[in-house]
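Worksheet for the structure shown next.
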Amino acid sequence: MEKGSININEIIKCLSLVATTIHENPRQALKDLRRIGAEVDNNIPYRDGHSIRVTDYSIAIGQELGFSDQELLTLEVAALLHDFGKIGIDEQILLQPRKLTDAEKVEISMHVMRGYYMLAGFSEMIEALKGVRTHHEWYDGSGYPEGLIKSEIPLIGRIIAVTDAYDAMTSERPYRKAFSKKIAINELKRMASHQFDPAIVKIFIKVLEKKESIKRSN
Ligand SMILES: [Fe+2]
Ligand SMILES: [Fe+2]
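What follows is the structure in structure tokens.
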């Protein structure tokens, strides 16, 4: 499909299929969901594979935490769909080479509840949708949409919050260059206990270091 032209009917059809197969055939459901995730990435600025990378980072954290297959499945669904509500946001807001105004930030923040409500009819995915709904909550209670604090935020929401921010920082934006991995990690550390669950930040840094050492030994 062409960049920027989304076929929402196709996506809904695919989601309905996923909802019916997710428990009996999770492998197939995830394959379909990855296609949806890629389609979301292709249709929201910046079309650079954000949802897929956030998903892969999140799964690595889940594995490190010893998640069961069911928990990993829930996390994967949540991460693939976390920015679903960005479909339809005015692209001009995101593509201009300057920082966002407060009004624009409010518009973008609505993607959380928009995504949640767009997907809420798929009750089979209700656990995963908790991650969609809470991925912009802050550990100290100053996030959105509900201002949940610490363990009130579902664990999958706390995981996606970290991987989402890391991926955003290490990706180029129209108004800034991509941060280096080192700077992004320092920022995660600086915001641990404020924006992020400090335990998840620690585990994610471990995951990234492992990745780096595997790369070096190859
Ligand atoms: Fe988001
Ligand atoms: Fe995101």
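Positions 1 to 218 (the UniProt record's numbering) are the ones given, in order, by the sequence shown.
Heads up, the beta-carbon is just placed ideally off N, CA and C, and yes, glycines get one too.
1. Please go through the same chain and pick out, in chain order, the residues whose beta-carbon is closer than 7 angstroms to the beta-carbon of LEU98, but skip the five residues on each side of it.
2. Does the beta-carbon of LYS3 have 16 or more other beta-carbons within 10 angstroms, so that it is buried, or is it exposed?
3. Please determine, among LEU81, LEU65, VAL54, LYS181, the residue with the shortest C-alpha to C-alpha distance to ILE36.
4. For ARG27, is the classification buried or exposed, using 16 other Cβ atoms within 10 angstroms of its Cβ as the cut-off for buried?
5. Examine ligand 1 and report whether any of its heavy atoms sits within less than 8 angstroms of the Cβ of ASP83.
6. Just to check, is the beta-carbon of HIS135 closer than 8 angstroms to a non-hydrogen atom of ligand 1?
7. Whole angstroms are fine: how far does the CA of GLU71 sit from the CA of ILE22?
8. If we cut at 9 angstroms on Cβ distances, does TRP138 have a partner in chain C?
9. Is it a yes or a no for the segment 52-65 touching the segment 94-109, going by three-plus beta-carbon pairs under 8 angstroms?
10. Helix or strand or just coil, what does DSSP make of ALA192?
11. Does any heavy atom of ligand 2 sit closer than 8 angstroms to the C-beta of SER171?
12. Taking the straight line between their C-alpha atoms, what separation do you get for GLU146 and SER51?
13. Report yes or no: do three or more beta-carbon pairs, one from the segment 99-115 and one from the segment 187-195, lie closer than 8 angstroms?
14. Out of SER213, LEU129, VAL40, which has the shortest C-alpha to C-alpha gap to THR74?
15. What are the residues that DSSP puts in a beta bridge with ARG176?
Based on what the coordinates show:
1. As a first step, residue 98 is located in the sequence shown; it is residue number 98 there, counting from the start. A small fix is needed here, since residue 98 is Arg in this sequence, not Leu. If we look at ARG98 and ignore the five residues flanking it on each side, its Cβ neighbours are TYR175.
2. The sequence position of residue 3 within the sequence shown is 3, counting from 1. No answer about LYS3 holds up, because its pLDDT of 49 lies below 50 and its placement is not dependable.
3. Reading the sequence shown from its first residue, position 36 is the one you call residue 36. Selected option, being the one with the closest Cα: LEU81.
4. As a working note, residue 27 is residue 27 in the sequence shown. The residue in question, ARG27, is exposed, as its Cβ has fewer than 16 Cβ neighbours within 10 Å.
5. As a working mapping, residue 83 is identified with position 83 in the sequence shown. Yes, the Cβ of ASP83 comes within 8 angstroms of a heavy atom of ligand 1.
6. Here residue 135 corresponds to residue number 135 of the sequence shown, with the count starting at 1. HIS135 Cβ: within cutoff of ligand 1.
7. Along the sequence shown, read from residue 1 onward, the residue named residue 22 stands at position 22. Along the sequence shown, read from residue 1 onward, the residue named residue 71 stands at position 71. C-alpha separation (whole angstroms): 13 angstroms.
8. Among the chains in the structure shown there is no chain C, since it carries only a single protein chain.
9. no
10. The sequence position of residue 192 within the sequence shown is 192, counting from 1. Here ALA192 sits in strand by DSSP.
11. Taking the first residue of the sequence shown as position 1, residue 171 is located at position 171. The answer is no for SER171.
12. Taking the sequence shown and counting its residues from 1, one reaches residue 146 at position 146. Taking the sequence shown and counting its residues from 1, one reaches residue 51 at position 51. Approximately 23 angstroms, taken between the alpha carbons.
13. no
14. Residue 74 sits at position 74 when you count from the first residue of the sequence shown. Out of SER213, LEU129, VAL40, LEU129 has the C-alpha closest to the C-alpha of THR74.
15. In the sequence shown, residue 176 corresponds to position 176, counting from 1. Partner(s): ARG173.
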